[in-house]
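Notes follow once the structure below has been shown.
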Amino acid sequence: MERGGTVNKPFLNIAELQLESWTQGANYQSSDASFGRLLGLRNLGISYNEVPAGKSSCPFHNHHVEDELFIVLEGEGTYRYGADSHAIKAGDVLGAPAGDRSTAHQIINTGTGVLRYFGISTMAATEVCEYPDSNKFGVFSRTSGNPTDKSSLRHIAREAASLDYWDGENIGEVK
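10 is the number of the first residue of the sequence shown in our numbering; add one for each residue after it.
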């Protein structure tokens with residue numbers, strides 16, 4: 010059965026997933042696959058991630074809207090959460106609730122083998138993320154209502170570059 014261009018079946022095997030491999034600089038690398046839509050899920054995202062030793066799959070960040078959950082399947086690493094760091098291993102379940110910078114999080118493979126985990130999240134049509142290490146923020150909006158639609162608004166900036174609300178507007182001359 011197909012719905013919205015995706016196969017809707019109630020199960021799959023992670024060994025059958027088509028992983029996409031990528032690298033960004035020396036610190037970020039992963040092979041992963043998002044597959045919630047393949048299971049017919051519209052409001053819940055899930056990904057399978059394989060991160061090599063010494064790497065992370067994303068910068069330290071927090072979400073204002075979406076909750077995230079990670080389930081470590083294999084390997085060891087470090088879970089940065091807020092101001093703390095925690096050793097993690099297979100079997101650990103990591104929560105990353107929506108919130109301010111105190112909920113910022115990052116998984117780093119500090120082990121010697123591949124770190125494999127599931128990432129599960131709510132899927133909001135609009136999201137704001139902060140990146141405390143680089144003092145950036147991102148605004149993401151999918152106006153179609155489809156959580157996988159990346160064609161809508163995506164803007165990453167620094168707060169220092171903020172404009173006044175009325176900047177560039179024709180506000181008229183007061184007489």
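For glycine and all other residues, C-beta sits at the position ideal for the given N, C-alpha and C.
Asked, Found
"Whole-number beta carbon distance between Phe79 and Tyr37, since they are thought to touch under 8 Å", "The Cβ separation is near 17 Å, so there is no contact."
"Leu162 - DSSP class collapsed to helix/strand/coil", "strand"
"Close Cβ partners of Thr32 (< 6 Å) along its chain, the five nearest in sequence each way excluded", "Gln38"
"Entirely enclosed beta strand (DSSP E) segments - the region 17–101, minimum 3 residues", "29–33, 37–43, 53–60, 77–83, 85–90, 93–98"
"Collapsed DSSP secondary structure at Ala170 in the structure displayed", "helix"
"CB of Glu83 within 7 Å of CB of Gly120, strictly", "no"
"Rounded C-alpha distance that separates Ile165 from Val183", "35 Å"
"Extent of the continuous beta strand (DSSP E) run through Gly128", "124–131"
"C-beta atoms of Asn118 and Ala62 nearer than 7 Å", "yes"
"Coil, strand or helix - Ser143 by DSSP", "coil"
"Under 7 Å between C-beta atoms of Gly60 and Leu124", "The sequence shown places Val at residue 60, not Gly. Result yes, Cβ atoms of Val60 and Leu124 sit closer than 7 Å."
"Ala107 versus Trp175: straight-line alpha-carbon distance, rounded", "30 Å"
"Residue range of the beta strand (DSSP E) that includes Ile117", "114–117"
"Identity of the residues DSSP links to Ser111 by a beta bridge", "None; Ser111 has no bridge partner."
"Val183 in three-state terms, based on DSSP", "coil"
"Reduced DSSP category for Gly104 - H, G, I as helix; E, B as strand; rest coil", "strand"
"Buried or exposed (CB count within 10 angstroms, at least 16 for buried), Lys98", "exposed"
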